[in-house]
Every structure is written in C-alpha cells, then in structure tokens.
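Take a look at the structure below.
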Amino acid sequence: MSEAASGQKRSAPSGRLGRGTGHGFGSGWISGILAVTCGALGYGGVLCLLFPSWLTTPSARALYPLDLVRFLIYVMLVVGFGLGALSVVLRRRRVLGFTGIALATAGTLLGGSTAEVGTLGGTTAVGLDWFLLNLFVLALLFVPLERVIPRLREQPIFRRGWTTDLMHFAMSHLLVQVTVVLTMLPAALFFRWATHPWLQDAVAAQPLALQFLEIVLVADLTQYWVHRAFHRVPWLWRLHAVHHSSETLDWLAGSRLHLVDIVVTRG
67 MSEAASGQKR
77 SAPSGRLGRG
87 TGHGFGSGWI
97 SGILAVTCGA
107 LGYGGVLCLL
117 FPSWLTTPSA
127 RALYPLDLVR
137 FLIYVMLVVG
147 FGLGALSVVL
157 RRRRVLGFTG
167 IALATAGTLL
177 GGSTAEVGTL
187 GGTTAVGLDW
197 FLLNLFVLAL
207 LFVPLERVIP
217 RLREQPIFRR
227 GWTTDLMHFA
237 MSHLLVQVTV
247 VLTMLPAALF
257 FRWATHPWLQ
267 DAVAAQPLAL
277 QFLEIVLVAD
287 LTQYWVHRAF
297 HRVPWLWRLH
307 AVHHSSETLD
317 WLAGSRLHLV
327 DIVVTRG
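If you use the working numbering, the sequence shown corresponds to residues 67 to 333, in order.
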C-alpha cells in the first residue's frame, strides 16, 4: 500500500462513535466547524444586544428588526449547541465540539435571545453587528448556491485558505467606520471642485436616467483605471497581490484585500 493511500486510510472516519478523524462527512469535523460558527454568531449577537454603544454600527442601529434579531440569535445558540454535541459524539478530538458548546452556553448565560438591550449612545464603535450580519447573509446565500451549481464540484466548503480569507473579511467589517472614513478621503481631497453649487445644479437638472448612466460610466471607468494601476505599477502590485494570493476561490476569497487597496479602490 502506498504512503498516500495509507495516509488517506488513517484520515478516514472509522465509523464508530467518538473515533472520527479527518475532514470527511461523519468525522464530526463539519458539525464542529458549523457549531463554532453558529455559536459565535449567537454569542456575538448577544454581545451586540448587551453593548450596542461599543459593538454596533451607529447608522444601522435603528434599522434592525429587534424581534427577528432575537429569533436568529435563539436559532444560532440552539443549533450551535446541538451541532457541538454531535461533533463531540462523533469526533476523537473534541475541541471544535466543546468550543461550539461553550460559545452557545456563554451566550445563553448572558441572557440569550432575551437579553436586555444596553444603553445606546456614542458615534464610534466596532462593527461587530456588520460583520455578523454580512457573514450570516452571504454564507446563507452563496454556500448553497456553490453547492448546487459549483464551478469545481470537488472543492469542499472549508477549502484550503478559508481561515485567512475569513480573517480579512472580519477585519474589513469590524473596522467598517475606519474604512468608510478613509475611503471618503480621496473624494474629499481630489473632487472638492465638484461641490460647487453651479455644477451640482447642472447635474440635478438632467433627466434621472441620464444621471444614472453618467454615474455608472464614471464609476466603471475609475474602477477600471485604478485596478489597472494596481496591476501595472510595481509598488501598487505588491499591495494588490494580496488579493490574488488565494489559491482556491469561492464567495469568501474576494475579501482578501490589503487595507490600502480597499481605501484607494473604494475611494
């Protein structure tokens, strides 16, 4: 038997409870990862309820349907605990399962979906709510879509490099207020001339359809030339190369961006 075949045999689940290894179905790894994800979403949601001034985006606070938010937190905590228990039963190494259970339990002990909303106030906060909401919605949309109509059918959901991309995704969302301020700087510095009343009045007098076409054209051309510069200018490419370093692609891979890349491109 070859070494590769032997390694594959060792990584396969044994089919007995508590003996699963590797990343295959029935090994307890998938349920463990999902337990940690759901537990973290639920726990993070509870923290957002308790400390909205610190952890939620000020401009979005009034837009959240609180009853729906509480329901989703409840579902995440229950599912996180249940999948964690399943992973503990199936898997030999039970770190993922116990982590999911711990997160769900901690969220429940802090009040769970019935936690009281903390004092609102302040204009600066970490965008934990923005991160949790985007992660939940995008994963719910694209993970099933990529399973139904995959480009690479053999590529797993948790492919190589997904944790790196998740870290980039998290940082760009948690620092949403910082990135918004920074992306506004290029417009404020280089397009101050466009704020003159006569120019704004002239644009506003145009038909709405024409304004839309002009916006799309200007934005598209700007995006094209900025992106081209990142590929052509050596020092810009060293920053943009981060975006192209993902060896396997899915809905999360596009989040791998350097902060300067984000600011210049969006600005």
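Even glycine gets a Cβ: it sits at the ideal position worked out from N, Cα and C.
All values derive from a computational prediction rather than experimental measurement.
Applying the criterion that 16 or more other CB atoms from any shown protein chain within 10 Å of the CB defines a buried residue, is Pro-216 buried or exposed? exposed
* Hey, out of Phe-296, Ala-319, Gly-320 and Leu-315, whose CA is closest to Val-326's CA? -> Phe-296
When you compare only the Cα positions, how much space is there between Phe-164 and Gly-146? 10 angstroms
**Asked** When the Cα of Leu-315 is compared with those of Ser-238, Ala-271, Phe-224 and Gln-277, which residue comes out closest?
**Response** Phe-224
- Task: Please classify Ile-96: is it buried, with 16 or more other beta-carbons within 10 angstroms of its beta-carbon, or exposed?
- Result: buried
Cβ neighbour criterion (16 or more within 10 Å) applied to His-306: buried
*Applying the criterion that 16 or more other CB atoms from any shown protein chain within 10 Å of the CB defines a buried residue, is Asp-133 buried or exposed?*
exposed
CB Thr-180 to CB Arg-136, shorter than 9 angstroms?
-> yes
Problem - Every unbroken alpha helix (DSSP H) within the region 137-216, with a cutoff of 4 residues, ordered by chain - result: 161-175 and 194-214
>> Using 8 angstroms for Cβ pairs, my map puts Leu-143 next to Gly-173. What's the rounded Cβ distance?
In response: 5 angstroms
Could you give the C-beta distance for Thr-169 and Val-102, rounded to a whole number, given that I count them as a contact under 8 angstroms?
Per the sequence shown, the amino acid found at residue 169 is Leu instead of Thr. Sure, about 7 angstroms apart at Cβ, within 8 angstroms.
Exercise. Whole angstroms is fine: what's the gap from Gly-188's alpha carbon to Thr-249's?
Key: 22 angstroms
Go through its chain and collect everything with a Cβ distance to Leu-152's Cβ below 6 angstroms, but skip five positions before and after it. Ser-97
On the three-state DSSP scale, how would you describe Thr-314? coil
* Where Ile-139 and Trp-317 are concerned, what is the direct C-alpha to C-alpha distance, given to the nearest angstrom? -> 24 angstroms
Legend entry - Per-residue burial, Arg-304 [other beta carbons within 10 Å of its own, 16 or more giving buried]: exposed
Consult DSSP for Glu-280 and reduce its assignment to one of helix, strand or coil. helix
Problem set entry | C-beta contact flag for Thr-123 and Val-242 at 9 angstroms | yes
- Exposed or buried, Pro-373, counting other C-beta atoms within 10 Å across all chains shown (16 or more means buried)? As displayed, the chain neither begins before 67 nor continues past 333, which places residue 373 out of reach and without an answer.
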